[in-house]
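**Student:**
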Amino acid sequence: MNQYIVMSQEVSEALKNKRAVVALESTIISHGMPYPENVKMALQVEEIIRGQGAVPATIAILDGIIKVGLSSDEIEVLAKAKNVYKVGKRDFAFVLSKKLTGATTVSGTSLIASMTGIKIFATGGIGGVHRGATETFDISRDLEELSLLDICVVCAGAKSILDLGLTLEYLETKGVEVIGYQTKELPAFYSRESGFNVNYQLDTPAEIASLLHAKWSLGLTGGVVIANPIPKEFSMDAKKINEAIDQALAEAKQKGIHGNEVTPFLLSKIKHITEGTSLDSNIELVFNNARLAAEIAVEYSKD
Ligand code: PSU
Ligand code: MN
Numbered sequence: 009m010n011q012y013i014v015m016s017q018e019v020s021e022a023l024k025n026k027r028a029v030v031a032l033e034s035t036i037i038s039h040g041m042p043y044p045e046n047v048k049m050a051l052q053v054e055e056i057i058r059g060q061g062a063v064p065a066t067i068a069i070l071d072g073i074i075k076v077g078l079s080s081d082e083i084e085v086l087a088k089a090k091n092v093y094k095v096g097k098r099d100f101a102f103v104l105s106k107k108l109t110g111a112t113t114v115s116g117t118s119l120i121a122s123m124t125g126i127k128i129f130a131t132g133g134i135g136g137v138h139r140g141a142t143e144t145f146d147i148s149r150d151l152e153e154l155s156l157l158d159i160c161v162v163c164a165g166a167k168s169i170l171d172l173g174l175t176l177e178y179l180e181t182k183g184v185e186v187i188g189y190q191t192k193e194l195p196a197f198y199s200r201e202s203g204f205n206v207n208y209q210l211d212t213p214a215e216i217a218s219l220l221h222a223k224w225s226l227g228l229t230g231g232v233v234i235a236n237p238i239p240k241e242f243s244m245d246a247k248k249i250n251e252a253i254d255q256a257l258a259e260a261k262q263k264g265i266h267g268n269e270v271t272p273f274l275l276s277k278i279k280h281i282t283e284g285t286s287l288d289s290n291i292e293l294v295f296n297n298a299r300l301a302a303e304i305a306v307e308y309s310k311d
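All residue numbers for the sequence shown refer to my numbering, where the first residue is 9 and numbers rise by one.
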């Protein structure tokens, strides 16, 4: 397809046979979680997707090659590697031409998924408009790419390290619908409540697949966000997690953290402040999203 892209046999056969495939990002592995929890999470997510009858396609760049569908060994290598680039659109050309290793963000993964014909994507949380963006201009590339590419991203909403209200406004401007899975309220990643509403509620994977067919068959290009609340038993107290987020934000500001280092910095601080409980919740919500994404992919591949 292109000298820089190599697809695993499993993914390439699944796509050829029009079977359900779910794309998975790799920044969550290299920049979002510590080793060895990251490897365990990544391998288990793939098993959950296979268990639903779909094929997982974890996407990352290894030594200058974009891999679509990593082997277990490759996941291990990526999870342990140092100096892994965090790759969105502006980073691909540099990392590829220098034969470096990179983990793709939601936006970077969506770009490659789109090139290879994968439409359903599971992750933890998407990037968005950061708090204070009116000063910093910090708006994740994720939102822009979602506005351009035909991709359905299943996430647990967005964390309140972001300005959720502005993130919803931005998505509205760009024509990206935010669908709540069995909820009217936008979930806030670690907790099920944010105080904001989604655009529409849908209650089954089949209804979501049918929305995707309606949108894309009409040529309405662009993404769809499926906001899937963290299961109750793993959700965190909103007040407690928001205090941790505020503390992490203050520290980032004081240290002058900026650019693409902001999100990884905040994630690791929050984990530290919550003594690891945020990491457990984070892993569980990713499993929950992988399951739903696989169910949607299976329904979507039916017609
Ligand atoms: N949110 C999380 N975990 C993550 C990320 C976001 O809970 O690992 C990652 C995703 O890869 C997302 C990226 O695409 O951070 C957004 O980074 P930025 O804010 O720099 O655009
Ligand atoms: Mn940013």
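Glycine is no exception: its CB is placed at the ideal position from the N, C-alpha and C atoms.
1. Unbroken beta strand (DSSP E) runs of length 3 or more, entirely within the region 211–296: which are they?
2. Assess, as a yes-or-no matter, whether the region 295–303 is touched by the region 264–276 under the definition of 3 or more beta carbon pairs within less than 8 Å.
3. For a quick check, are the C-beta atoms of cysteine 163 and isoleucine 134 less than 8 Å apart?
4. Does the separation of the CB atoms of glycine 77 and valine 161 fall below 8 Å?
5. So which of Asp211, Asp158, Glu215 has the shortest CA-CA distance to leucine 226?
6. Taking 7 Å as the cut-off, is the beta-carbon of valine 233 closer than that to any non-hydrogen atom of the ligand PLP?
7. Shortest alpha-carbon distance to lysine 240 belongs to which of Thr66, Ala222, Leu210, Glu292?
8. Can you tell me the Cβ-Cβ gap for isoleucine 56 and phenylalanine 295, rounded? I've got them flagged as a contact below 8 Å.
9. For the region 45–130, which segments carrying the beta strand (DSSP E) assignment without a break, of at least 3 residues, lie completely within its bounds, in sequence order?
10. Just checking my contact of glycine 165 with alanine 235 at CB under 8 Å: how many whole Å lie between their CB atoms?
11. Give a yes or no on whether the C-beta atoms belonging to leucine 179 and leucine 151 are separated by under 8 Å.
12. May I have the straight-line CA-CA distance separating glutamine 17 from methionine 123, to the nearest angstrom?
**Tutor:** Short version:
1. Taking only runs of at least 3 residues, the beta strand (DSSP E) segments lying wholly in the region 211–296 are 232–235.
2. no
3. The Cβ atoms of cysteine 163 and isoleucine 134 lie closer than 8 Å to each other.
4. no
5. Of the candidates Asp211, Asp158, Glu215, the one whose C-alpha sits nearest the C-alpha of leucine 226 is Asp158.
6. Inclusion of the ligand PLP in the displayed structure is not the case, the ligand content consisting of the ligand PSU and the ligand MN alone.
7. Ranking Thr66, Ala222, Leu210, Glu292 by Cα distance to lysine 240 puts Glu292 first.
8. Contact holds; Cβ gap of about 6 Å.
9. 63–70, 73–76, 93–95, 110–112, 128–130
10. Confirmed, about 5 Å.
11. The answer is yes: Cβ separation under 8 Å.
12. 17 Å
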